[in-house]
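In the numbering used here, the protein residues as written are 887 to 1411.
Virtual Cβ for every residue (Gly too), placed ideally from N, Cα, C.
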């Protein structure tokens, strides 16, 4: 389950203040909210201005740093969307509700979140996502606070550079539109492009690329970025293309290739892939359909193309990032609710393994396993024994105890599936290549061995090309009003609304037009 850190949960039971009964006490939180506001000018230029309140600034800064680190350490323990946020997180929400407090929280996240923590970027994103939208004045002050003109020339402190890139990317996504254009100043653009140098630490390069990608979601920014890259003597992206086949996990995330991978990828003996037509909206899938990545703030999910209803089946997933991912098995009935934080393992039709939080998930409830936390490069094996009603997960060949919970509700139509929290990536092997840790003394089949997909369905287009193709395609007059693919030949009873195809009509429980319950479905001539 992807965790919702919504600050509004704290208001249950008519509770009007977050300062009551918190570990740091009322005085601390009051100092945090008032001192931050009164001394923000000195915080923006800490090396140039010393005021009589400098001790308060230092105390407040230290308090916010501690709150951020406490949130980072506790976030992996938050496993329930109905769970109240921890006190440290509520305090950060109180501080960030005001402009100068928001700047203090952002500055703290940049300075103290360590580069080696796999959940660091996700915590930055989650905190910013639930904070108020910054004003134009806040954006200008943030640019002054970051002092990127001097930072651009510095090669030290990779942690700070990585965190700055994460913050800029999150804000670019949150402010998409005119405010995003205003945020992308020459100073910020020069800074991000300077971090695309192959000599820079790979995590910094990765998040600089992601930040530029999010800025480019606004068309005016996209033109500006392309123009700037075109004006350089050598496009820095060219050197990064060489990393496309790197085994080192950060370089693997950065690497890409031209021409577009979907035009040149080898699809020989490729019979089972991640289903680009059965995926939540923001998940990225590689051109060969065997790798997925999430850079959004939502909990993105995907299923495999091949379903099975009997026998013993196995596949492997290689961990590229070691944050929150839920990998396992699901049926078609399992629902993707990415914005609510529900994914694989969060309903009765799916079961998943979470190696970051050391949990297994079924029906939105978790239970622990005995494996150590996974690391980049680890291999998760997933075994489904339908005949004997058990699922076993293997981390680098070490098995968990068998689990049969999913078979209480599901009997057939199982497939490989996975969900991804922010900035997570994983590659899959459905049997096209030899398995690294196959189960011992168990005879099994693999999805690629028995799967079958058309050559058209094997092609995974980049998002902008897919959208362009959709705009160019002409819709038939009798197409389904929901999927626009099948023919709209079904009428819903009793409301008599029509224009739905057989597939969509069977998935509906209530009419999408009038919300009345569907009693029957009639075919139309």
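Cβ-based neighbour list, residue i, same chain, cut-off 8 Å, excluding 5 preceding and 5 following
{"i": "residue 1187", "result": "1165, 1166, 1169, 1222, 1224, 1229, 1230, 1303, 1304, 1305, 1306"}
{"i": "residue 1395", "result": "1403, 1404"}
{"i": "residue 1097", "result": "1051, 1052, 1054, 1055, 1058, 1078"}
{"i": "residue 1063", "result": "1104"}
{"i": "residue 1163", "result": "1343"}
Where residue i falls: helix, strand or coil (DSSP)
{"i": "residue 1161", "result": "strand"}
{"i": "residue 1217", "result": "coil"}
{"i": "residue 1046", "result": "helix"}
{"i": "residue 1278", "result": "strand"}
{"i": "residue 1171", "result": "strand"}
Integer Cβ distance of residue i from residue j, believed to fall under 8 Å
{"i": "residue 1046", "j": "residue 996", "result": "6 Å"}
{"i": "residue 1308", "j": "residue 1182", "result": "7 Å"}
{"i": "residue 1173", "j": "residue 1268", "result": "So it is not a contact: roughly 23 Å between Cβ atoms."}
{"i": "residue 1070", "j": "residue 1107", "result": "5 Å"}
{"i": "residue 1073", "j": "residue 1029", "result": "6 Å"}
{"i": "residue 1366", "j": "residue 1337", "result": "Their Cβ separation, rounded to whole angstroms, is 26 Å, which puts residue 1366 and residue 1337 out of contact at 8 Å."}
Minimum Cβ-Cβ distance from residue i to chain D less than 8 Å
{"i": "residue 1368", "result": "This model lacks chain D altogether; it includes just one protein chain."}
6 Å Cβ shell around residue i - same chain, five flanking residues per side excluded
{"i": "residue 1179", "result": "1170, 1311"}
{"i": "residue 907", "result": "Confidence in residue 907 is poor, its pLDDT being 33 and thus under 50, which makes the residue's placement too unreliable to answer from."}
{"i": "residue 1339", "result": "1191"}
{"i": "residue 1287", "result": "none"}
{"i": "residue 972", "result": "960"}
Residue i to residue j span [Cα, whole Å]
{"i": "residue 1093", "j": "residue 1051", "result": "5 Å"}
{"i": "residue 1321", "j": "residue 1205", "result": "14 Å"}
{"i": "residue 1195", "j": "residue 1272", "result": "7 Å"}
{"i": "residue 1060", "j": "residue 1329", "result": "49 Å"}
{"i": "residue 1280", "j": "residue 1243", "result": "16 Å"}
{"i": "residue 1084", "j": "residue 1141", "result": "11 Å"}
{"i": "residue 1346", "j": "residue 1201", "result": "21 Å"}
{"i": "residue 993", "j": "residue 1209", "result": "23 Å"}
{"i": "residue 1238", "j": "residue 1120", "result": "45 Å"}
{"i": "residue 1408", "j": "residue 1398", "result": "16 Å"}
{"i": "residue 1138", "j": "residue 1089", "result": "11 Å"}
{"i": "residue 1406", "j": "residue 1381", "result": "10 Å"}
{"i": "residue 1087", "j": "residue 1112", "result": "23 Å"}
{"i": "residue 1295", "j": "residue 1198", "result": "18 Å"}
{"i": "residue 956", "j": "residue 1335", "result": "47 Å"}
{"i": "residue 1126", "j": "residue 1145", "result": "14 Å"}
Same chain only: Cβ atoms within 7 Å of residue i, ignoring 5 sequence neighbours per side
{"i": "residue 1282", "result": "1264, 1265, 1323"}
{"i": "residue 1114", "result": "1075, 1079"}
{"i": "residue 1000", "result": "1006, 1045"}
{"i": "residue 983", "result": "1018"}
Within 8 Å, strictly: CB atoms of residue i and residue j
{"i": "residue 1216", "j": "residue 1104", "result": "no"}
{"i": "residue 1383", "j": "residue 1400", "result": "yes"}
{"i": "residue 1262", "j": "residue 1207", "result": "yes"}
{"i": "residue 1176", "j": "residue 1313", "result": "yes"}
{"i": "residue 1091", "j": "residue 1081", "result": "yes"}
{"i": "residue 1245", "j": "residue 1252", "result": "yes"}
{"i": "residue 1024", "j": "residue 989", "result": "yes"}
{"i": "residue 1376", "j": "residue 1387", "result": "yes"}
{"i": "residue 1420", "j": "residue 1003", "result": "Residue 1420 lies beyond the range of the chain shown here (887 to 1411); nothing can be said about it."}
{"i": "residue 1414", "j": "residue 1285", "result": "What is shown of the chain runs 887 to 1411, which leaves residue 1414 out entirely."}
{"i": "residue 1158", "j": "residue 1333", "result": "yes"}
{"i": "residue 1193", "j": "residue 1299", "result": "yes"}
{"i": "residue 991", "j": "residue 978", "result": "yes"}
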